[in-house]
Ligand code: UT7
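In the numbering used here, the protein residues as written are 43 to 361.
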């Protein structure tokens, strides 16, 4: 029997305040028509006072632990993927740990922006298979609204806040994470970045993006990393029950599915309701589709994401 990291529970959390495209059109020169046509986005949730990356993450973890029927005290590893931590340090994962009442475990953040959850999942999978952990919380949580330039219509309409989490357990068997693939190409820093940071400007900075160039890279990189991860697991496109993609733009999801010959019905789409929640988008979409009954135990699921860096990655798992 093979030791694998199995996803045994999912959870998610969204800020209470939901903002429509019409609401945004009151603030910047945009329209519901443009946003829907170019991105598929209709709504996003925006964190208010008291809602932070760690509070949303904690909420998502509590729901994931409950779904998995696992006690917080059993968790020996927490990895939180985020580009919007509560503080520059310590890691927001340690705030989640404290909020969950866990006295001692491994806890750290991973910074790979929109691909962060795939990076975190892959690290947790490796640690579990190496015997360094048995029960892990892997989280994507973001409050991107706090690093948006609300005067810049080319970025502020695209993002939202939220969190998603999974509980991973070391289990012998055929279910669990079958393969992962990660990539980065730092030459593209200038296409998607934040124009500040502790070591450069001493400020937090705001998101800047050359959207159409990111779009081109996204479709190519996502199609190729999905193919790579399926090859690693000796599986083909026809074996896939569901794809849970990073939710940046409905047109990217459609184009990537077309490139791989995947029917649109197999692609989980939440970008219309949540916009781009960066590292949170994949686990948020996964939780939604598990809870509404589409994704079931035994299904073969491919997760994928691409973001600033550039970074990109994919994971194939049997649930
Ligand atoms: O999560 C990380 C990965 N991120 C992504 O994958 C994002 C990838 N990129 C995209 O999703 C798309 O490129 C965008 C949605 C960002 C933009 O769509 P596009 O079809 O590439 O539009 P564009 O940037 O080429 O802009 C087209 C026009 C421009 O006007 P002109 O120069 O043609 O007169 C923009 O100024 O649309 C204008 N525009 C807007 N108009 C109304 C840009 N933003 C807006 C807006 N409302 N919010």
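All C-beta atoms, glycine included, are put in the ideal place defined by N, C-alpha and C.
The structure presented is a predicted model; accordingly, all values stated were derived computationally and were not measured.
Closer than 8 angstroms: residue i CB and nearest the ligand UT7 heavy atom
i, result
"residue 185", "no"
"residue 293", "yes"
"residue 297", "no"
"residue 263", "no"
"residue 253", "yes"
"residue 348", "yes"
"residue 284", "no"
"residue 234", "yes"
"residue 131", "no"
"residue 231", "no"
"residue 279", "no"
"residue 87", "no"
"residue 290", "yes"
"residue 320", "yes"
"residue 71", "yes"
"residue 189", "no"
"residue 159", "no"
"residue 76", "yes"
"residue 156", "yes"
"residue 250", "no"
"residue 46", "no"
"residue 324", "no"
"residue 260", "yes"
"residue 84", "no"
Where residue i falls: helix, strand or coil (DSSP)
i, result
"residue 5", "Coverage of the chain is limited to positions 43 through 361, which leaves residue 5 absent and any answer about it impossible."
"residue 357", "strand"
"residue 241", "coil"
"residue 267", "helix"
"residue 329", "helix"
"residue 76", "helix"
"residue 43", "coil"
"residue 64", "helix"
"residue 210", "strand"
"residue 151", "strand"
"residue 189", "helix"
"residue 282", "coil"
"residue 96", "helix"
"residue 291", "coil"
"residue 113", "coil"
"residue 342", "strand"
"residue 196", "helix"
Cβ neighbour criterion (16 or more within 10 Å) applied to residue i
i, result
"residue 16", "Residue 16 lies beyond the range of the chain shown here (43 to 361); nothing can be said about it."
"residue 105", "buried"
"residue 215", "exposed"
"residue 149", "buried"
"residue 127", "buried"
"residue 53", "buried"
"residue 229", "exposed"
"residue 2", "The structure shown does not extend to residue 2, since the chain is modelled only from 43 to 361, so the question has no answer here."
"residue 268", "buried"
"residue 258", "exposed"
"residue 75", "exposed"
"residue 320", "buried"
"residue 43", "exposed"
"residue 79", "exposed"
Contacting residues, own chain, Cβ-Cβ under 7 angstroms from residue i (five flanking each side not counted)
i, result
"residue 306", "296 and 299"
"residue 235", "250 and 350"
Minimum C-alpha distance to residue i - residue among the options
i, options, result
"residue 161", "101, 229 and 324", "324"
"residue 134", "112, 243, 97 and 144", "97"
"residue 183", "165, 137, 332 and 223", "137"
"residue 266", "309, 151 and 357", "357"
"residue 116", "178, 339 and 302", "178"
"residue 231", "353, 76 and 82", "353"
"residue 342", "303, 334 and 278", "278"
"residue 332", "66, 206, 301 and 212", "206"
Cβ-based neighbour list, residue i, same chain, cut-off 6 angstroms, excluding 5 preceding and 5 following
i, result
"residue 255", "233"
"residue 349", "155, 156 and 157"
"residue 271", "221, 223, 356 and 358"
"residue 59", "88 and 90"
Close Cβ partners of residue i (< 8 angstroms) along its chain, the five nearest in sequence each way excluded
i, result
"residue 196", "251 and 253"
"residue 146", "none"
"residue 165", "121 and 152"
"residue 193", "70"
Contact test: residue i Cβ vs the ligand HEM heavy atom, cutoff 8 angstroms
i, result
"residue 80", "Looking for the ligand HEM in the displayed structure turns up nothing; the ligands present are the ligand UT7."
Within-9 angstroms CB hit, residue i to chain C
i, result
"residue 121", "Protein chain content of the structure displayed is limited to a single chain, and chain C is not contained in it."
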